[in-house]
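Protein chains: 2
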Amino acid sequence: MTESEFLRRYRSSDYPKPSVTVDTALFTVRDNALQVLMIRRQEHPFQGKLSLPGVFVGMAETLDEAAARALYSKTGLRDIYTEQLYTWGSPERDPRMRVISVSYYALVPEQSLAPPEGPALFCPAAEIAASGDIAFDHSRIVACGIERIRNKVNYTDIAFSLVDEEFTLPELQRIYEILLGQKLYKANFRKKIAEKIIPTDHYTSGAPHRPSRMYRKRPETAG
Amino acid sequence: MTESEFLRRYRSSDYPKPSVTVDTALFTVRDNALQVLMIRRQEHPFQGKLSLPGVFVGMAETLDEAAARALYSKTGLRDIYTEQLYTWGSPERDPRMRVISVSYYALVPEQSLAPPEGPALFCPAAEIAASGDIAFDHSRIVACGIERIRNKVNYTDIAFSLVDEEFTLPELQRIYEILLGQKLYKANFRKKIAEKIIPTDHYTSGAPHRPSRMYRKRPETAG
DNA sequence: ACAAAAGTGTTCGATATACACCCATGT
DNA sequence: ACATGGGTGTATATCGAACACTTTTGT
Numbered sequence: 009m010t011e012s013e014f015l016r017r018y019r020s021s022d023y024p025k026p027s028v029t030v031d032t033a034l035f036t037v038r039d040n041a042l043q044v045l046m047i048r049r050q051e052h053p054f055q056g057k058l059s060l061p062g063v064f065v066g067m068a069e070t071l072d073e074a075a076a077r078a079l080y081s082k083t084g085l086r087d088i089y090t091e092q093l094y095t096w097g098s099p100e101r102d103p104r105m106r107v108i109s110v111s112y113y114a115l116v117p118e119q120s121l122a123p124p125e126g127p128a129l130f131c132p133a134a135e136i137a138a139s140g141d142i143a144f145d146h147s148r149i150v151a152c153g154i155e156r157i158r159n160k161v162n163y164t165d166i167a168f169s170l171v172d173e174e175f176t177l178p179e180l181q182r183i184y185e186i187l188l189g190q191k192l193y194k195a196n197f198r199k200k201i202a203e204k205i206i207p208t209d210h211y212t213s214g215a216p217h218r219p220s221r222m223y224r225k226r227p228e229t230a231g
Numbered sequence: 009m010t011e012s013e014f015l016r017r018y019r020s021s022d023y024p025k026p027s028v029t030v031d032t033a034l035f036t037v038r039d040n041a042l043q044v045l046m047i048r049r050q051e052h053p054f055q056g057k058l059s060l061p062g063v064f065v066g067m068a069e070t071l072d073e074a075a076a077r078a079l080y081s082k083t084g085l086r087d088i089y090t091e092q093l094y095t096w097g098s099p100e101r102d103p104r105m106r107v108i109s110v111s112y113y114a115l116v117p118e119q120s121l122a123p124p125e126g127p128a129l130f131c132p133a134a135e136i137a138a139s140g141d142i143a144f145d146h147s148r149i150v151a152c153g154i155e156r157i158r159n160k161v162n163y164t165d166i167a168f169s170l171v172d173e174e175f176t177l178p179e180l181q182r183i184y185e186i187l188l189g190q191k192l193y194k195a196n197f198r199k200k201i202a203e204k205i206i207p208t209d210h211y212t213s214g215a216p217h218r219p220s221r222m223y224r225k226r227p228e229t230a231g
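Chains as they are written, first to last, in my numbering: chain S, 9 to 231; chain X, 9 to 231.
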C-alpha cells in the first residue's frame, strides 16, 4: 500500500479526540506591580470567576496563531512578545469535557494598552497565582508565567517588551526591580545593560529634578 | 441556569477536535555522545523513516501519564526523569489529520537500559537534530530537547539522571562535558559539584591507575 | 621504574556588589 | 538655596578559569 493510498483510507474518527484550547496570560507592569489580564466569566462553567482569555484552537490554525487571535480580540494589538508556556492536560481540569490547554504568556508595555473593557480587567499577578478561587487551573498558569518571566529576565531581553520604544533608564530599572522582586543598584544596573541600549537625544522634562535621557533597544547582534 | 444544568446540556461535539499525541525523546549518553531513542516506522505515514516513540493521549490519562506509558512500553522502565518540552501544532505536521503533539524528553543512565529491540534504536542526537529526513517534525523536537538539556545542565542537577545511583567523578564529568560540548577542568568541576554529592567508601578497581572513589547524589535540601 | 589517570592546592583575572559623589531641574 | 532624583567613578568581594603538583594503581 502506498502512503497516499493509506492516507485515503485513514479514518481519523477512530482515535480519541480531546478539545484543545490556547489560554494566554497577558502581563504588563502597572502601578508598580506585575499585572495580568483576567476575564470575569459571564458563562458556565465557573460563572463569575476570573479566568484567562482563551480560545479553542481552530482546525486550520497554528497554536501561535490561536494565541495571537486571543490577544488581538482582547487588546486590539498585534506583534506582541508571545511565548508558549506549558501544556496542561489533567482530565478533570474542565468540568465540561476533556480539554487540553496550551498556555502562552505575552508581555506588553502599559502605555500601548487601552483601558480594559467589559469583563476584562488587570489584576496583580501575584494575587492571582496565590488565589484558590480562579477558574480552571488558570491560577497555576499565571504562577508558571511569573516564574518563567523571573527566570528569563536575567539572561534575555524580555524586560524591554514591557517598556515603550523609547524609555528612560530609571523606567527600565523599575521594570527589572518589579520582575525580580528586589532593589537594584543604579550604577551596576546601567553597566549591565549599557551594551543593549542606544541613547537618543531626547530627554524627559517637567520633573523637579535632572531630566533623564531616553534610550532605544539596540537591535540584537546576530552571533 | 445552574452550572450542573449547563453541564448536562453541553454538547462537546460542537467544538473542533484535533487529535493529541505525546512524543517522547529518551536521551542517554552512550559511546561518548548524547544519543536518543528512535523508532524505524513500520507503517504509514513516513514508512521506513525514523520517528520518536509516541502515543495518542487517552481520554482519561494526564499528559505525564501518557509520556510515562510511552516510555514504559519501549524501555520497561518506570520513574525516569521526564519533563515536558514544547507543544507543536502546525496544521500540516501530520499528513493524516490534525494532530497536536505535546513533546517530552527523558533522561536515563545507559547502564539501566536493555539493548533496544525490534524497530527501536539509539542514534546520536546531534545527527537526528541536523537531519532533514526524519518523520513528522521530530527532528526539531530532538533539537529542542538538546537545547533544553544544555541550558539546564548548569543550573539544575539533570546530569545526575544520566549516571547510576553510584558513580565516579570522572564519569560524571564526562557526562557534563558531553552535554556541554566542551572539556572541563577537573579541579574546578569538583569544586562546583562538591556540595551536591556524598562520598561512599566504594572504589573502582582493575584499571591501571589510581582507583576512583564512588559517590551518590546528595538529596535536595529544601529551601 | 613507569605510564596513566585520580585527586588537590594555589594563582590570576573577570564579574558582581557596594558605596560615594556629582549634576540638572522645579519650586 | 534646596530638595529630588538622574547620572558616574571607584574600591572590594566573590567566583570561575587556568595551571601545577601529588597520589595510587597495573604492568
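Even for Gly, the Cβ is constructed at its ideal location relative to N, Cα and C.
For residue i, which residues in chain S fall below 8 Å Cβ to Cβ?
i       : result
L187(X) : Going along chain S, no residue has its Cβ under 8 Å from L187(X), so there is no contact; the nearest lies around 18 Å.
Using a C-beta to C-beta distance shorter than 7 Å, which residues of chain X count as neighbours of residue i?
i      : result
A68(S) : P99
Just the chain X side, please: which residues come within less than 8 Å of residue i by C-beta, in chain order?
i      : result
P26(S) : K25, V28, V65, M67
Give me the chain X residues within the contact set of residue i, using Cβ-Cβ distance strictly less than 9 Å, ordered along the chain.
i      : result
L71(S) : T95, W96, G97, S98, I108
I need the boundaries of the alpha helix (DSSP H) containing residue i, first residue and last residue.
i       : result
D31(X)  : That residue, D31(X), is in no alpha helix (DSSP H); its beta strand (DSSP E) goes 27 to 38.
H146(S) : 146 to 161
P178(X) : 177 to 188
R198(X) : 194 to 201
Let's see if you can read the secondary structure: which residues bound the beta strand (DSSP E) around residue i?
i       : result
S109(S) : 107 to 115
K225(X) : 221 to 225
H210(S) : 205 to 211
I47(S)  : 41 to 48
Thinking C-beta only, is residue j closer than 7 Å to residue i?
i       : j       : result
A114(S) : L34(S)  : yes
P61(S)  : T90(S)  : no
S59(X)  : H146(X) : yes
S27(S)  : V107(S) : yes
R49(S)  : A128(S) : no
W96(X)  : S81(X)  : no
D172(S) : Q119(S) : yes
I88(X)  : V116(X) : yes
A68(X)  : P99(S)  : yes
A133(X) : Q43(X)  : yes
R224(S) : I206(S) : yes
V63(S)  : R86(S)  : no
A167(S) : I186(S) : no
K204(X) : R226(X) : yes
L6(X)   : V37(X)  : Outside the modelled stretch of chain X, which goes from 9 to 231, sits residue 6(X), for which no answer is possible.
Return yes when the C-beta of residue i is under 6 Å from any heavy atom of the ligand HEM, and no when it is not.
i       : result
F175(X) : For the ligand HEM, the structure offers nothing, since it holds no ligand at all.
Q | Near-chain X residues of the stretch 85 to 104 of chain S - C-beta to any C-beta below 9 Å | A | From the stretch 85 to 104 of chain S, only Q92, Y94, T95, W96, G97, S98, P99, P103, R104 have a Cβ closer than 9 Å to chain X.
Q: Closer than 7 Å, Cβ to Cβ, to anything on chain S: give me those residues from the stretch 104 to 121 of chain X, in chain order.
A: Against chain S - using a Cβ distance shorter than 7 Å - the residues of the stretch 104 to 121 of chain X are R104, M105, R106, I108, V110.
Q. Given a limit of 9 Å on CB to CB distance, which residues of the stretch 177 to 205 of chain S reach chain X?
A. Listed by position along the chain: nothing, the set is empty.
Q: Go through the stretch 54 to 138 of chain X residue by residue and report every complete run of the beta strand (DSSP E) that reaches 3 residues or more, in order.
A: The DSSP assignment places 62 to 64, 89 to 96, 107 to 115, 128 to 132 as complete runs of the beta strand (DSSP E) inside the stretch 54 to 138 of chain X, in order along the chain (cut-off: 3 residues).
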